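Numbering (our numbering), first residue to last: 59 to 643.
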């Protein structure tokens, strides 16, 4: 295995087998230069499944060899690398997409990534929107943020002077940087291949990352994740050299650029100075608290925490600013591979660790399958099919979701079965999730166990404490229930799935959950830096660690992108058919 500087494999083949009820799940994970390939095969025959997956592995190795020859990955010397640096880059080929329409559903918002390798050289950029907006930039660097569905944002930083004119100011204004949001398929039109090359300044990574973290929250996003605008829509967001922000909502088809003055004074903030003594004491505080309280070191035997301190403490001391200090901390914490670790500076997220999780839901298709849907607050959608099958979708475990759920459940008294959809639910309050699950429990159940640190050694752990769900409410829903689940289910929502799985009338259906729980506390460091610290190890009711395994469904439904495109949600349809079979109609 070859690892990059973060300890994450650049070339990694991983073959696993999971046996549940005589059904073997064989998975293969292949990672090369930050690109992950994942295959899953379910069979009733262990040997046959293993042979199929080994065959796929060999095909992947052949593919990578061809890829190396085609694009020069794994070059043997600097001269070869220099020869590729000046080649033109088609960004649509670099960040391919199958999307042809926009998707502004918050539950479908995409996690995005940005690496130093995503910085390119730009020979020029120009854009005109009628008489409303004219932008012209010469030589520049461009950073591309991307998700599994292609590129979602770009930051352009001029090397030479760039300027723009708009209805806001008749005089040309000088561009400090330009932020763009767009549909992934439009990227090569915005930045034609003959203007893009591989010789970008990777030293700009921290600056571009900070711009993206600040500006993503203003355009086509949900919780910092990227939604997809329609192909005609653009966000043009410029910080000028005079400390002003010019934010435009652009409709390319209509040739209009609407100026949003509310953002005028919300420029990307300057980094706060962080002297060496303060940096050293802050880093030591973070390292020591993790050393004392982080429970999952036992699940990360490859992590040498003392070695990481020796490597990253000098970088932290010399960081110079609060944001760069936070980047160093995030870089160190990335080795723990924990989705519940986050770092924030002045409320702005600094990326730590992420892993791709396949989406197996399409909320745009719900109404066409179920019929008319109703809302209970912002968090719950519900309806009934013509055959009296109930449907309740819950997006997050927050606020008064239990009270709203109780009211919705009253509308389900006459149903012959119920589908509870939490496939896009990323967590929230476990006590609230427990109240909802209590409406289905016939008795007290243990659904999980928690274990904490209780000593200075990384292996010093408490006993496993059971977590229980109890019956609740004036009446219990005892008709057949299917809980729809998948890899986007995370944290407290995984606990909910586990609670529901204990109930005798419930069948879980879909894909395994994310496999991440933490019950974090928060470290408040100087200069408005906050770091989360997960405190427990979460175990399933059978004693299996939840981390990186997740909750497995009773009925596995294979995830293929085409099953959830446009007006399709094949898993939801399959759940309805499953309930019909259970009820014999």
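Using N, Cα and C, we set each Cβ at its ideal position, and we do this for glycine too. Just so we're clear, the structure is a prediction, and the values are computed from it rather than from any experiment.
If I follow the unbroken alpha helix (DSSP H) through residue i, where does it start and stop?
i: residue 585; result: Per DSSP, residue 585 belongs to no alpha helix (DSSP H) and is neither H nor E.
i: residue 330; result: Where residue 330 is concerned, there is no enclosing alpha helix (DSSP H), given that its DSSP letter is neither H nor E.
i: residue 261; result: Unbroken run through residue 261: none, as it is neither H nor E.
i: residue 369; result: 363 to 375
i: residue 151; result: 149 to 152
i: residue 463; result: 459 to 468
i: residue 489; result: 488 to 495
i: residue 386; result: 380 to 391
Rounding to the nearest angstrom, what Cα-Cα distance links residue i and residue j in this structure?
i: residue 228; j: residue 606; result: 56 Å
i: residue 478; j: residue 494; result: 11 Å
i: residue 79; j: residue 611; result: Residue placement at residue 79 is poorly supported in this model, since its pLDDT is 42, which falls under 50; the coordinates still yield a value, given next. Their Cα atoms are separated by approximately 11 Å.
i: residue 634; j: residue 447; result: 7 Å
i: residue 226; j: residue 318; result: 10 Å
i: residue 165; j: residue 216; result: 35 Å
i: residue 369; j: residue 389; result: 11 Å
i: residue 335; j: residue 375; result: 7 Å
i: residue 421; j: residue 163; result: 7 Å
i: residue 564; j: residue 585; result: 49 Å
i: residue 552; j: residue 296; result: 41 Å
i: residue 489; j: residue 591; result: 20 Å
i: residue 595; j: residue 506; result: 10 Å
i: residue 366; j: residue 349; result: 11 Å
i: residue 625; j: residue 424; result: 8 Å
i: residue 601; j: residue 257; result: 51 Å
i: residue 524; j: residue 327; result: 46 Å
i: residue 320; j: residue 301; result: 14 Å
i: residue 417; j: residue 614; result: 14 Å
i: residue 484; j: residue 315; result: 35 Å
i: residue 43; j: residue 572; result: There is no way to answer for residue 43, as the model of the chain reaches only from 59 to 643.
i: residue 569; j: residue 632; result: 13 Å
i: residue 412; j: residue 189; result: 42 Å
i: residue 187; j: residue 305; result: 14 Å
i: residue 457; j: residue 465; result: 15 Å
i: residue 339; j: residue 408; result: 20 Å
Taking residue i as part of the beta strand (DSSP E), name the residues at either end of that continuous run.
i: residue 235; result: 227 to 239
i: residue 250; result: Counting along the chain, residue 250 falls outside any beta strand (DSSP E), and DSSP gives it neither H nor E.
i: residue 507; result: 503 to 510
i: residue 178; result: 177 to 180
i: residue 221; result: 221 to 224
i: residue 451; result: 447 to 452
i: residue 439; result: 438 to 442
i: residue 199; result: 198 to 205
i: residue 552; result: Here residue 552 belongs to no beta strand (DSSP E); instead the alpha helix (DSSP H) covers 550 to 559.
i: residue 317; result: 314 to 317
i: residue 408; result: 406 to 408
i: residue 526; result: 523 to 527
i: residue 482; result: Per DSSP, residue 482 belongs to no beta strand (DSSP E) and is neither H nor E.
Can you check whether the CB of residue j is closer than 9 Å to the CB of residue i?
i: residue 540; j: residue 557; result: no
i: residue 555; j: residue 480; result: yes
i: residue 203; j: residue 246; result: no
i: residue 214; j: residue 235; result: yes
i: residue 576; j: residue 325; result: no
i: residue 182; j: residue 196; result: yes
i: residue 419; j: residue 598; result: no
i: residue 243; j: residue 168; result: no
i: residue 511; j: residue 593; result: yes
i: residue 560; j: residue 499; result: yes
i: residue 180; j: residue 249; result: yes
i: residue 516; j: residue 341; result: no
i: residue 198; j: residue 149; result: no
i: residue 201; j: residue 262; result: yes
i: residue 241; j: residue 291; result: yes
i: residue 462; j: residue 427; result: no
i: residue 266; j: residue 475; result: no
i: residue 588; j: residue 386; result: no
i: residue 332; j: residue 277; result: no
i: residue 193; j: residue 294; result: yes
i: residue 380; j: residue 455; result: no
i: residue 527; j: residue 496; result: yes
i: residue 251; j: residue 146; result: yes
With DSSP as the reference, please indicate the residues paired to residue i in a beta bridge.
i: residue 632; result: DSSP, once it has assigned bridges, lists no residue as partnering residue 632.
i: residue 159; result: Looking at the DSSP assignment, residue 159 forms no beta bridge with any residue, so it has no partner.
i: residue 281; result: DSSP, once it has assigned bridges, lists no residue as partnering residue 281.
i: residue 614; result: 568
i: residue 591; result: 579
i: residue 192; result: 186, 223
i: residue 307; result: 293, 316
i: residue 354; result: Residue 354 pairs with nothing; no bridge assigned.
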